[in-house]
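The structure appears right after this line, and notes come after that.
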Amino acid sequence: MIDPFQFTAYDGVGWELLRSAGLDDIAELVTEPSQRFLARLADAGFAADAAFVDGSHHFHNVFVDLHFLGEIVRPGGVVLLDDVWWPSVGAAVAYFETNLGWRPVPGAPADGTATPAGGRPRTGAYRLPDPRPTPGFKEFRPFC
54 MIDPFQFTAY DGVGWELLRS AGLDDIAELV TEPSQRFLAR LADAGFAADA AFVDGSHHFH
114 NVFVDLHFLG EIVRPGGVVL LDDVWWPSVG AAVAYFETNL GWRPVPGAPA DGTATPAGGR
174 PRTGAYRLPD PRPTPGFKEF RPFC
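Residues in the sequence shown are numbered from 54 upward in steps of one, following the working numbering.
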(Lines of atoms letter the chains of each structure in order from A and count residues from 1; the text may use other names and numbers.)
(Lines give C-alpha, C1' and ligand atoms only; values in the text may rest on other atoms or scores of the structure.)
Protein backbone atom coordinates (compact mmCIF):
# COMPACT_ATOMS: atom_id res chain seq x y z
CA MET A 1 0.00 0.00 0.00
CA ILE A 2 1.52 3.30 -1.11
CA ASP A 3 -0.09 6.30 0.56
CA PRO A 4 1.90 9.36 1.57
CA PHE A 5 -1.20 10.80 3.26
CA GLN A 6 -2.26 7.71 5.22
CA PHE A 7 -1.42 9.24 8.59
CA THR A 8 -1.48 12.96 7.79
CA ALA A 9 -4.92 13.04 6.18
CA TYR A 10 -6.61 9.71 6.97
CA ASP A 11 -5.51 8.89 10.53
CA GLY A 12 -4.17 5.50 9.37
CA VAL A 13 -7.64 4.09 8.67
CA GLY A 14 -6.67 2.27 5.46
CA TRP A 15 -3.64 0.63 7.00
CA GLU A 16 -5.62 -0.37 10.10
CA LEU A 17 -8.25 -2.01 7.87
CA LEU A 18 -5.55 -4.06 6.13
CA ARG A 19 -4.07 -5.03 9.49
CA SER A 20 -7.49 -5.98 10.93
CA ALA A 21 -8.04 -8.21 7.89
CA GLY A 22 -4.79 -10.01 8.76
CA LEU A 23 -2.97 -8.76 5.68
CA ASP A 24 -0.08 -7.02 7.43
CA ASP A 25 2.05 -10.17 7.02
CA ILE A 26 1.85 -9.85 3.24
CA ALA A 27 1.39 -6.09 2.89
CA GLU A 28 3.60 -3.12 3.57
CA LEU A 29 2.72 0.54 4.04
CA VAL A 30 4.87 2.97 2.08
CA THR A 31 4.36 6.61 2.98
CA GLU A 32 6.29 8.24 0.16
CA PRO A 33 4.87 9.42 -3.18
CA SER A 34 4.08 6.57 -5.55
CA GLN A 35 5.92 8.13 -8.49
CA ARG A 36 9.17 7.70 -6.53
CA PHE A 37 8.52 4.32 -4.96
CA LEU A 38 7.19 2.63 -8.10
CA ALA A 39 10.41 3.57 -9.91
CA ARG A 40 12.41 1.69 -7.29
CA LEU A 41 10.07 -1.31 -7.45
CA ALA A 42 10.52 -1.47 -11.21
CA ASP A 43 14.31 -1.17 -10.86
CA ALA A 44 14.26 -4.03 -8.35
CA GLY A 45 12.42 -6.26 -10.85
CA PHE A 46 9.19 -6.43 -8.84
CA ALA A 47 6.33 -7.94 -10.88
CA ALA A 48 2.59 -8.22 -10.35
CA ASP A 49 -0.44 -9.45 -12.27
CA ALA A 50 -2.55 -6.44 -11.28
CA ALA A 51 -2.31 -3.10 -9.51
CA PHE A 52 -4.78 -0.63 -8.03
CA VAL A 53 -3.83 3.04 -8.03
CA ASP A 54 -5.50 5.88 -6.16
CA GLY A 55 -2.67 8.36 -6.30
CA SER A 56 -2.06 11.92 -7.29
CA HIS A 57 -4.44 13.83 -9.52
CA HIS A 58 -1.63 15.80 -11.16
CA PHE A 59 -1.06 14.74 -14.78
CA HIS A 60 2.72 14.42 -14.46
CA ASN A 61 2.53 12.24 -11.35
CA VAL A 62 -0.17 9.99 -12.83
CA PHE A 63 1.85 9.65 -16.04
CA VAL A 64 4.94 8.57 -14.10
CA ASP A 65 2.88 6.11 -12.02
CA LEU A 66 1.40 4.55 -15.15
CA HIS A 67 4.79 4.37 -16.85
CA PHE A 68 6.28 2.37 -14.00
CA LEU A 69 3.14 0.27 -13.54
CA GLY A 70 3.52 -0.63 -17.22
CA GLU A 71 6.90 -2.11 -16.31
CA ILE A 72 5.73 -3.75 -13.07
CA VAL A 73 2.42 -5.29 -14.19
CA ARG A 74 3.01 -8.33 -16.37
CA PRO A 75 1.85 -8.26 -20.01
CA GLY A 76 -1.85 -9.12 -20.12
CA GLY A 77 -2.28 -7.89 -16.54
CA VAL A 78 -4.69 -5.23 -15.30
CA VAL A 79 -4.25 -1.74 -13.87
CA LEU A 80 -7.26 -0.45 -11.93
CA LEU A 81 -7.21 3.32 -11.61
CA ASP A 82 -9.29 5.60 -9.40
CA ASP A 83 -10.46 9.10 -10.31
CA VAL A 84 -10.28 8.65 -14.10
CA TRP A 85 -13.00 11.29 -14.40
CA TRP A 86 -10.49 14.03 -13.53
CA PRO A 87 -9.23 15.53 -16.83
CA SER A 88 -5.61 15.24 -15.67
CA VAL A 89 -5.95 11.54 -14.84
CA GLY A 90 -7.97 10.80 -17.97
CA ALA A 91 -5.37 12.52 -20.16
CA ALA A 92 -2.56 10.42 -18.69
CA VAL A 93 -4.56 7.23 -19.33
CA ALA A 94 -5.30 8.41 -22.88
CA TYR A 95 -1.57 8.40 -23.68
CA PHE A 96 -1.22 4.75 -22.61
CA GLU A 97 -4.34 3.73 -24.52
CA THR A 98 -3.35 5.60 -27.69
CA ASN A 99 0.37 4.89 -27.78
CA LEU A 100 0.94 1.70 -25.79
CA GLY A 101 -2.20 -0.34 -26.42
CA TRP A 102 -3.73 -0.36 -22.94
CA ARG A 103 -7.39 -1.34 -23.36
CA PRO A 104 -10.33 -0.58 -21.07
CA VAL A 105 -11.89 -3.66 -19.53
CA PRO A 106 -15.57 -3.34 -20.51
CA GLY A 107 -17.94 -3.08 -17.56
CA ALA A 108 -15.16 -3.07 -14.98
CA PRO A 109 -15.51 -2.41 -12.22
CA ALA A 110 -19.19 -3.24 -12.19
CA ASP A 111 -21.23 -1.26 -9.67
CA GLY A 112 -18.36 1.12 -8.96
CA THR A 113 -18.96 4.56 -7.55
CA ALA A 114 -19.79 7.51 -9.77
CA THR A 115 -18.74 11.15 -9.74
CA PRO A 116 -20.91 13.54 -7.75
CA ALA A 117 -21.51 15.71 -10.83
CA GLY A 118 -22.51 13.89 -13.97
CA GLY A 119 -22.55 10.33 -12.69
CA ARG A 120 -19.46 9.25 -14.67
CA PRO A 121 -17.59 6.20 -13.35
CA ARG A 122 -14.82 7.10 -10.90
CA THR A 123 -12.67 4.07 -11.68
CA GLY A 124 -11.40 2.37 -14.79
CA ALA A 125 -9.69 -0.94 -15.44
CA TYR A 126 -7.14 -1.33 -18.23
CA ARG A 127 -5.64 -4.51 -19.63
CA LEU A 128 -2.05 -4.24 -20.69
CA PRO A 129 -1.11 -5.68 -24.08
CA ASP A 130 0.73 -8.96 -24.39
CA PRO A 131 3.45 -8.69 -25.54
CA ARG A 132 4.46 -5.29 -24.16
CA PRO A 133 4.99 -2.89 -27.11
CA THR A 134 8.05 -0.70 -27.55
CA PRO A 135 7.02 1.80 -30.23
CA GLY A 136 9.63 4.09 -31.68
CA PHE A 137 9.45 7.83 -31.14
CA LYS A 138 8.39 8.34 -34.76
CA GLU A 139 5.15 6.39 -34.09
CA PHE A 140 3.98 8.83 -31.39
CA ARG A 141 0.28 9.66 -31.68
CA PRO A 142 -1.32 12.73 -30.08
CA PHE A 143 -3.60 11.63 -27.26
CA CYS A 144 -5.67 14.61 -26.15
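Beta carbons are placed, not taken as given, at the ideal position from N, Cα and C, and that holds for glycine.
The model shown is predicted, which means the values in this text are computed figures rather than measured ones.
From which residue to which residue does the alpha helix (DSSP H) around residue i run?
| i | result |
| --- | --- |
| residue 72 | 66 to 73 |
| residue 149 | 140 to 153 |
What residue does the beta strand (DSSP E) around residue i start on, and which one ends it?
| i | result |
| --- | --- |
| residue 178 | 176 to 180 |
Quick one: is residue i buried, meaning 16 or more other Cβ sit within 10 Å of its Cβ, or exposed?
| i | result |
| --- | --- |
| residue 193 | exposed |
| residue 125 | buried |
| residue 73 | exposed |
| residue 117 | buried |
| residue 76 | exposed |
| residue 134 | buried |
| residue 137 | buried |
Taking residue i as the reference, which of the options has the closest Cα?
| i | options | result |
| --- | --- | --- |
| residue 107 | 158, 122 and 149 | 122 |
| residue 176 | 183, 110, 188 and 124 | 110 |
| residue 90 | 141, 131, 56 and 143 | 56 |
| residue 132 | 77, 149, 112 and 113 | 149 |
| residue 81 | 113, 67 and 182 | 67 |
| residue 188 | 135, 154 and 144 | 154 |
| residue 181 | 79, 103, 139 and 99 | 103 |
| residue 186 | 127, 100 and 145 | 127 |
| residue 183 | 129, 156 and 93 | 129 |
| residue 147 | 115, 174 and 100 | 115 |
| residue 140 | 97, 59 and 196 | 196 |
In this structure, does DSSP put residue i in helix, strand or coil?
| i | result |
| --- | --- |
| residue 161 | coil |
Fill in: Continuous alpha helix (DSSP H) assignments of at least 4 residues falling wholly in the region 58 to 129
Counting only runs of 4+ residues, the alpha helix (DSSP H) found wholly inside the region 58 to 129 occupies 66 to 73, 87 to 96 and 112 to 125, in chain order.
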